[in-house]
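Read through the structure below, which is laid out as structure tokens, and then see the notes.
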């Protein structure tokens, strides 16, 4: 079938929208709410206006929800169309809180891009409406994120990612008219809501309505405080993510540059979360073996991902006994950096301030868990996301591209292995665990250590593994995106799961596309394959590829902890979970008052 | 006929000589008693009957309604409507207003680019006035006219309960199943029951049919009920009776319970008298369990008992007490909802109602219900013939199919297209193996020694359409035949129980013994109100649908409240607006919707026909959350706003 866009002929398929056909053929039509990677086209921004002419005559339509028909003529940029597109943007701006300079999306805002695309040169309706943001909340209650609804443009992308990718459905549409906004269901505030603070919504929000809680000033306060010893660490995936904001090709490993940058800004000690990831494997692998051999609760789920833990606690608490009690790498690092490290380095543990750099914003919420504190003192003092760290470096005038790399040099907590590096991608924790569990059980290294069936980006991947004479064949599964995790967990609760060990990472792709990673305008994790491959390449280049071969890990157990899961290790490196499912009730009469009906 | 001074309708300037096409002007004289309509505004334009009214003031009021109804999702309507309100406010107070170009631009943008009917149609009267009568847009003082405005849609107007359907669909899409259920709970407590068995007149008017297929409205309502009520998220509340009066309700069917629900919400004490030993009336006994599981019904009846209603069972009007007894006991008002509990017979040759294998549909369905409940379903040995083409006939044949050892036939004298039964019920019955014979009339019951041996039938032919366009049927001579069978079920209608009311009760009835009521659901006897199957009034006569009955119950409760509060019932402006829309043909039936990318209507999961024909398990399953979001997003929100300005204040208006 054929139609004409700006007098050029294009083929289209029945039912295809004008916008889809235009995009396919690189014809630009400005739009805001549409988000192609999630097939999201709610038609709320009404900017993608075009003029069509067909058998029914000519008229203005939105191109996102109008199908092409045979012989239709579409005009995307005549004066009439441009004027109406521009007016639409003026109307969007009429109730948008335009404090652009103070916005988290400063310089990176899709609404500003849109204004440029439609040629906005004046803003007729700004400041006309009285209290345009009335009834729209600014909620700062959540540990990891901010919800500033005065900046919401009702594109509903966040609702779609929360439902379709994460299966969480914490976000709702509330209010009406100028007060319409994204709500958090029936909960009184964000922190207590069903939101798990994974941050995927912050990656798709075109404005600064949903954003991470920026804690850079806390970091700067500690850096400028001579009384404290700042201990910085960063997660495996951070080394392939930080390049994004400094002009590197996707997936470039900038580990050495990050180490150098941290020293430049005044970090007292720089250690590696990779080291803690290896310790995680020692603990979690030993725990798994214990559950298998002593008849513990199986299958066992991984516990590294804080958004997954929030999801389990808030949405399917029945699964909690199945989750490994081993702390996440960040939790392990926090405990050791305030006990083992000061002891070894002769520091005052009370003056140690742990600052971690994460691809994740849920790690901020994890660090605030009472389970990760001792005597009221948090093991991790501040968590900043990759986005914040990039912003911090810009604030301090540090250009990652311009500085030469430097190696880690801490003799206690900075050695890494290939197993730790791949923690940053979906499937990596599982693969790392298999390498170590196999070696522990069989007293020899696994021959082919790259578990191919578990690699890749399919939502759920499974494998039947030969784990040697003692364990025999073991079935395992890895999944990413909580929608998939829910499916596997419900299978477990129904008694129908064939697996022994299940890895969950909340974000699609794993930490390489965490909710704290860089936002890519209009894209949703476009480079996850390159980032994953980059981690796999790093794994191959490492001297040690198994956690149990990390020399500093060996030293940790020999000098300090004894053995994995032994008393001291258990005390320091394990945690527990609580049922936080909040079942909200409301009476018919209370709900009557919430209805937005006028008659 | 009211005098039209000027106006614009469907884009054409109109006046006393050039009247708007297609609308019945006679219907537009008064809104309520002695209160002439001065101006009418709608999605199609505006009509001015009283030039004294300031057009600018009227348009501003209408725009304020648009702004207050805007959902806020799409930008032109969300910010355009308040921008228009602002500008019009300025125009009303400024000595010289020069912003009309911008007002027109905003209004035009809203109409051409808004996502739904609110923004697309709300500014049409304003645009029409700017285009055709700019000289009328001058500041003038408000002369204290009455104003009333309603936002509605084709589906809402098609619903006898006037439930705000797009709003409850939107709440599902927005992630608020609890509020969705509450939209329906404003009207009746039987959200899950109606969500399963409603005749859904709304879906037949759904404009989405022009794009692909109607929105699955009923199934969405059921989803909301399951997600919010059955799950226990939304709970009943016990009411403090703030009013001293108690009201007696006769009949614990859906109509009686719904009226009780609304009275309890208004603070009245309620006692319900039920002739049988369980509540639910026709939807308990008349609707088979495979369509409506009785635990759902029980929970919904439970809403009113938890709110404080007392139900006395085995208390039958006319046998155990009369109307006078109730007033003597001190009840301030009485509400009759005694239904039509008697089935009709066919009145054909050879008919003998004493034969155990010849029964009416109502008795049959009750017998099946009691049997299934007791765990001993009745067995129908041999072949069965059901006579009728309505939903009761479908319930009978599908229930019979689950019980009969032989073939189940259904005969209906008209065509399949003429059958009043829901088309989906007919296809479900066919799928389960019921043999349908359309254009087939019953002639005689054939018996041998007290046993039915067959039903003599004759083929029918359609006659030419009569003046109303309806085609009758007439037997074709020489086509007589016999369907051998051992059971015949007459499912052709139901009647009131004549013994319930006597002369002494003083309640006027029609010749079918239905209680006569007015639009306020009042009977001729002071303090006695009635609704549902047992009544004949302006809304419906005799046996009616669940949703119509519950709609009447809502109005009856409202009337009872006004009667007890003010000594008289007054008119309901919302209801009157619907009447006006209908009587004056204000809604354009042929209106075309803009083309959209088609999306498939969500089919709910059903038990397979072979499986379900063996059991009384519920056939239709509820939608999943994902399906409900998807289906809800198909709703196009065909809202439009009607406003009237009248000479005097409108009760319930501004």
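Residue numbers (the working numbering), protein chains in the order written: chain A, -16 to 582; chain B, 866 to 1519. Using N, Cα and C, we set each Cβ at its ideal position, and we do this for glycine too.
>> For residue 924 (chain B) and residue 991 (chain B), which I take to be in contact (beta-carbon distance under 8 angstroms), what is that distance rounded to the nearest angstrom?
In response: Locating residue 924 (chain B) in the second chain gives position 59, where the first residue counts as 1. Locating residue 991 (chain B) in the second chain gives position 126, where the first residue counts as 1. Contact holds; Cβ gap of about 5 angstroms.
> What span of residues does the beta strand (DSSP E) with residue -15 (chain A) cover, start to end?
Replying inline: Within the first chain, the letter at position 2 stands for residue -15 (chain A). From DSSP, the beta strand (DSSP E) with residue -15 (chain A) extends over -15 to -12.
>> What would DSSP say about residue 1464 (chain B), mapped onto helix, strand or coil?
In response: Counting from one through the second chain, the residue named residue 1464 (chain B) turns up at place 599. Coil.
> Where does residue 307 (chain A) sit, in a helix, a strand or coil, going by DSSP?
Replying inline: Position 324 of the first chain holds residue 307 (chain A). Three-state result, residue 307 (chain A): coil.
> How big is the Cα-Cα spacing for residue 644 (chain A) and residue 547 (chain A)?
Replying inline: No statement about residue 644 (chain A) is possible, as the shown extent of chain A runs from -16 to 582 and does not include it.
> In chain A, which residues lie with their C-beta within 7 angstroms of the C-beta of residue 1417 (chain B)?
Replying inline: Stepping through the second chain from its first residue, residue 1417 (chain B) is reached at position 552. Chain A residues near residue 1417 (chain B): none, gap ~19 angstroms exceeds 7 angstroms.
> Leaving out five residues before and five after residue 327 (chain A) in sequence, what residues of the same chain have Cβ atoms less than 7 angstroms from its Cβ?
Replying inline: Position 344 of the first chain holds residue 327 (chain A). These residues qualify, in order along the chain: 395.
> Closest to residue 399 (chain A) by CA distance: which of A:522, A:372 and A:130 is it?
Replying inline: Taking the first chain and counting its residues from 1, one reaches residue 399 (chain A) at position 416. Closest option to residue 399 (chain A), Cα to Cα, is A:522.
> Opposite residue 1319 (chain B) in the DSSP bridges: which residues?
Replying inline: As a position in the second chain, residue 1319 (chain B) is number 454, starting the count at 1. Within the DSSP bridge table, the entry for residue 1319 (chain B) names B:1311 and B:1349 as partners.
>> With a threshold of 8 angstroms on Cβ separation, who are the neighbours of residue 1329 (chain B) within its own chain once the five nearest residues in sequence on each side are excluded?
In response: Locating residue 1329 (chain B) in the second chain gives position 464, where the first residue counts as 1. For residue 1329 (chain B), where only same-chain residues beyond five positions count, the Cβ hits under 8 angstroms are 1336.
>> Quick check on the DSSP output: what are the complete alpha helix (DSSP H) runs of length 4 or more inside the segment 1401 to 1478 of chain B, in order along the chain?
In response: If only complete runs of 4 or more residues are kept, the segment 1401 to 1478 of chain B shows the alpha helix (DSSP H) at 1411 to 1431, 1438 to 1448 and 1474 to 1477, in order along the chain.
> Helix, strand or coil: which one does DSSP assign to residue 1119 (chain B)?
Replying inline: Against the second chain, residue 1119 (chain B) aligns to sequence position 254. In this structure, DSSP gives residue 1119 (chain B) a helical state, which the three-state scheme calls helix.
> Tell me which same chain residues have a C-beta within less than 7 angstroms of the C-beta of residue 1065 (chain B), skipping the five on either side of it?
Replying inline: Numbered from 1 along the second chain, position 200 holds the residue referred to as residue 1065 (chain B). Once the five neighbours on either side are set aside, the close Cβ partners of residue 1065 (chain B) are 1082 and 1083.
> What is the DSSP secondary structure of residue 583 (chain A), reduced to helix, strand or coil?
Replying inline: Look at the range of chain A in this structure, -16 to 582, and you will see that residue 583 (chain A) is not part of it.
>> Whole angstroms are fine: how far does the CA of residue 1263 (chain B) sit from the CA of residue 1300 (chain B)?
In response: Translated into positions along the second chain, residue 1300 (chain B) becomes position 435. Translated into positions along the second chain, residue 1263 (chain B) becomes position 398. Each residue's alpha carbon lies about 11 angstroms from the other.
> In whole angstroms, what is the alpha-carbon distance linking residue 1266 (chain B) and residue 1316 (chain B)?
Replying inline: Your numbering for residue 1266 (chain B) matches position 401 in the second chain. Your numbering for residue 1316 (chain B) matches position 451 in the second chain. Their backbone Cα atoms lie some 21 angstroms apart in a straight line.
> Mind checking if residue 1041 (chain B) is an interface residue toward chain A, Cβ cutoff 8 angstroms exclusive?
Replying inline: Counted from its first residue, the second chain places residue 1041 (chain B) at position 176. Yes, residue 1041 (chain B) counts as interfacial toward chain A.
> Between A:318, A:202, A:336 and A:381, which lies nearest to residue 356 (chain A) when the distance is taken from Cα to Cα?
Replying inline: Taking the first chain and counting its residues from 1, one reaches residue 356 (chain A) at position 373. Measuring from the Cα of residue 356 (chain A), the nearest candidate turns out to be A:318.
> Expressed to the nearest angstrom, what Euclidean distance is found between the alpha-carbon atoms of residue 1419 (chain B) and residue 1126 (chain B)?
Replying inline: Within the second chain, the letter at position 554 stands for residue 1419 (chain B). Within the second chain, the letter at position 261 stands for residue 1126 (chain B). Whole-angstrom Cα-Cα distance: 9 angstroms.
> Taking just the CA atoms, how far does residue 1258 (chain B) sit from residue 1323 (chain B)?
Replying inline: As a working mapping, residue 1323 (chain B) is identified with position 458 in the second chain. As a working mapping, residue 1258 (chain B) is identified with position 393 in the second chain. Rounded to whole angstroms, residue 1323 (chain B) to residue 1258 (chain B) spans 19 angstroms at the Cα level.
> When the distance is taken between beta carbons, is residue 436 (chain A) closer than 8 angstroms to residue 464 (chain A)?
Replying inline: Position 481 of the first chain, counted from the first residue, corresponds to residue 464 (chain A). Position 453 of the first chain, counted from the first residue, corresponds to residue 436 (chain A). Taking the C-beta atoms as reference points, residue 436 (chain A) is found no nearer than 8 angstroms to residue 464 (chain A).
>> Looking only at its chain, what residues have a beta carbon closer than 7 angstroms to the beta carbon of residue 12 (chain A), apart from the 5 residues adjacent to it on each side?
In response: Numbered from 1 along the first chain, position 29 holds the residue referred to as residue 12 (chain A). 2, 5, 31, 33, 46 and 59, listed in sequence order.
>> List, in chain order, every chain B residue whose beta-carbon is nearer than 8 angstroms to that of residue 75 (chain A).
In response: Within the first chain, the letter at position 92 stands for residue 75 (chain A). Listed along chain B, the residues sitting closer than 8 angstroms to residue 75 (chain A) by beta-carbon distance are 940 and 944.
> Is the segment 1378 to 1395 of chain B touching the segment 1420 to 1432 of chain B, taking contact as three or more C-beta pairs under 8 angstroms?
Replying inline: yes
> For residue 40 (chain A), which residues does DSSP report across the bridge?
Replying inline: Taking the first chain and counting its residues from 1, the one referred to as residue 40 (chain A) is at position 57. Note: residue 40 (chain A) sits in a beta bridge opposite A:37.
> Once you ignore the five residues that flank residue 211 (chain A) on each side, which residues in its own chain have a CB closer than 6 angstroms to its CB?
Replying inline: Here residue 211 (chain A) refers to the residue found at position 228 of the first chain. Here the set comprises 205, 334 and 336.
>> If contacts are defined as beta-carbon pairs under 8 angstroms, then residue 1356 (chain B) and residue 1205 (chain B) qualify, I think. What distance do you get, rounded to the angstrom?
In response: Against the second chain, residue 1356 (chain B) aligns to sequence position 491. Against the second chain, residue 1205 (chain B) aligns to sequence position 340. That pair is no contact at about 13 angstroms.
>> Please list, in chain order, the chain B residues whose beta carbon lies closer than 8 angstroms to that of residue 28 (chain A).
In response: Counted from its first residue, the first chain places residue 28 (chain A) at position 45. Correct list: 939 and 940.
>> For residue 1352 (chain B) and residue 1219 (chain B), I'd like the C-alpha separation in whole angstroms.
In response: Residue mapping note: residue 1352 (chain B) aligns to position 487 of the second chain, counting from 1. Residue mapping note: residue 1219 (chain B) aligns to position 354 of the second chain, counting from 1. Taking the straight line from one Cα to the other gives about 13 angstroms.
> Contact check, residue 282 (chain A) vs residue 483 (chain A) under 8 angstroms by CB: the rounded distance?
Replying inline: Here residue 282 (chain A) corresponds to residue number 299 of the first chain, with the count starting at 1. Here residue 483 (chain A) corresponds to residue number 500 of the first chain, with the count starting at 1. Yes, they are in contact, since the Cβ atoms of residue 282 (chain A) and residue 483 (chain A) sit about 5 angstroms apart, within 8 angstroms.
> Alpha carbon to alpha carbon, how far is residue 155 (chain A) from residue 89 (chain A)?
Replying inline: Numbered from its first residue, the first chain carries residue 155 (chain A) at position 172. Numbered from its first residue, the first chain carries residue 89 (chain A) at position 106. When rounded, the distance between both Cα atoms is 26 angstroms.
>> Would residue 1157 (chain B) and residue 1061 (chain B) qualify as a contact pair, given that the criterion is a beta-carbon distance under 8 angstroms?
In response: For the purposes of this step, residue 1157 (chain B) is taken as the residue at position 292 of the second chain. For the purposes of this step, residue 1061 (chain B) is taken as the residue at position 196 of the second chain. Result yes, Cβ atoms of residue 1157 (chain B) and residue 1061 (chain B) sit closer than 8 angstroms.
>> Could you check whether the Cβ of residue 515 (chain A) sits closer than 8 angstroms to any Cβ belonging to chain B?
In response: Within the first chain, residue 515 (chain A) is the residue found at index 532, counting from 1. For residue 515 (chain A), the answer is no, since every Cβ of chain B falls outside 8 angstroms of its Cβ.
> Excluding the five sequence neighbours on either side, which residues of its own chain have a C-beta within less than 7 angstroms of the C-beta of residue 381 (chain A), listed in chain order?
Replying inline: Here residue 381 (chain A) is taken as the residue at index 398 of the first chain, counted from 1. Cβ within range, chain order: 244, 247 and 248.
>> On the DSSP letters alone, give me the boundaries of the beta strand (DSSP E) that residue 1337 (chain B) sits inside.
In response: Locating residue 1337 (chain B) in the second chain gives position 472, where the first residue counts as 1. Here the beta strand (DSSP E) through residue 1337 (chain B) covers 1336 to 1340.
> In chain A, which residues lie with their C-beta within 7 angstroms of the C-beta of residue 1525 (chain B)?
Replying inline: A query on residue 1525 (chain B) cannot be resolved here, the shown segment of chain B reaching from 866 to 1519 and no further.
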